[in-house]
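Our numbering runs 484 ahead of the 1-based position in the sequence shown. Working notes, beginning with the structure itself.
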Amino acid sequence: MRPKLSTVAWHVGAIALLAVVLYPIAWVLAATFKPTEDIIGSLQLLPTRVTTVNYDRALDGIAGISVARFFWNSTVLAVLSVVGTVATSAMAAYAFARLRFRGRGLMFVVMISTLLLPFHVLIIPQYVVFQRLDLVDTYAPLLLGKFLATEAFFVFLMVQFMRAIPHELDDSAKIDGAGHWGIFWNIVLPLSRPAIITTAIFTFIWTWNDFFGPLIYLSTPEKYPLPLALQLFIDETAGSDFGALMAMSILALVPVILFFLFFQRFLVEGVSTSGLKG
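Following this line, the structure appears as structure tokens:
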């Protein structure tokens, strides 16, 4: 009986903890079906009056800009960020993991040390540089670093994965006349698929939910991604449309959830094997 009681207690505790974690999401979802005055005036979870007008207002857009425009801006930023991060991180990781050159160890240590630098420390000099280049209020500051292998975390992730690939495959390819590009494209890259998909998932989610970067560099509402567009529903001098804000928040979650569900098995595979040695 004791093992059974401990098992039941463990499951009850896990369910209770899950309920605490999921309660804010459930509250936001329920709030999308409440009138705006009931969202702030009541903490009740379930709506007393069910309405879909919040989704209608959210889909109509705000400030004369359609919601499709905000979704398109977020999609462009997320997709280009994934392409740039995956491509350049994979090439940089191949150099660190498979090539031998002078200063490789020092360069790898310097790259890893950049993980210790907070983003907020670099934002001022970066902003000054992009301002001098007249690139503020464009997507260049948000995307340029993605195409220059500046994401040290993902480079490190791929390095650890590529190191586990047997070097005998490289030797066999060299005997057949393949160069570094052929080895990278035909051997290392296909075998690194779990790490690549893991990088793509995290990059997509982080870029889609990024608020601080667009807040710093973008000033034109037509260029806003979804996280920045949500603040347009809040007006400190007039009435804030919290109902449409909640509805837009739920709509913004849908692409992230679908992306994660589609690639989740690759994510688990990549995380579980990226640090193993072959």
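Think of the CB as a built atom: it goes at the ideal place given N, C-alpha and C, for glycine as much as any other residue.
Inter-residue distance for V567 and L529 is about 41 Å (C-alpha atoms, whole angstroms).
Taken through DSSP and simplified to helix, strand or coil, I549 comes out as strand.
Relative to L617, the option among Y701, G727, F747 whose CA is nearest is Y701. Shortest Cα-Cα distance from L712 to any of L699, E706, Q610, N538 involves L699.
Close CB contacts of G587 within its chain, under the 8 Å cut and outside five residues either way in sequence, are absent.
Scanning its chain for C-beta atoms nearer than 6 Å, with the 5 sequence neighbours on each side dropped, one finds no residue around E652. Between the beta-carbon of M642 and that of S676 there is about 6 Å, and that keeps the pair under the 8 Å contact cut.
Counting along the chain, T520 sits inside the alpha helix (DSSP H) bounded by residues 520 to 525. For T704 and V620, the gap between their C-alpha atoms comes out near 10 Å. In this structure, the CA atom of P678 is about 16 Å from the CA atom of T572. Taking each of F554, V605, V512 in turn and checking the Cα distance to E706, the smallest one comes out for F554. Bounds of the alpha helix (DSSP H) holding T683 are 677 to 692. The beta carbons of F726 and I546 sit no closer together than 8 Å. Counting of Cβ neighbours within 10 angstroms places F717 among the buried residues, the total reaching 16 or more.
When secondary structure is reduced to three states using DSSP, Q610 falls in the helix class. Within the model, the alpha-carbon separation for L737 versus G548 is close to 23 Å. Comparing C-alpha distances from Y539 to each of A510, V504, K658, T516 shows the shortest one belongs to T516. Selection L628, L599, I680, L600 evaluated against V613 yields L628 as nearest (Cα-Cα).
Per DSSP, the unbroken alpha helix (DSSP H) holding N538 starts and ends at 537 to 544. CA-CA distance, V560 to A493, rounds to 47 Å. Residues of the same chain with a CB within less than 7 Å of the CB of M646, apart from the 5 flanking positions on each side, are A577, Y578, A581, R582, V672, S676 in chain order. Taking A684 as reference, the option from P650, F696, P709, V639 with the minimal CA-CA separation is V639.
In the three-state scheme derived from DSSP, where H, G and I count as helix and E and B as strand, Q715 is classed as helix.
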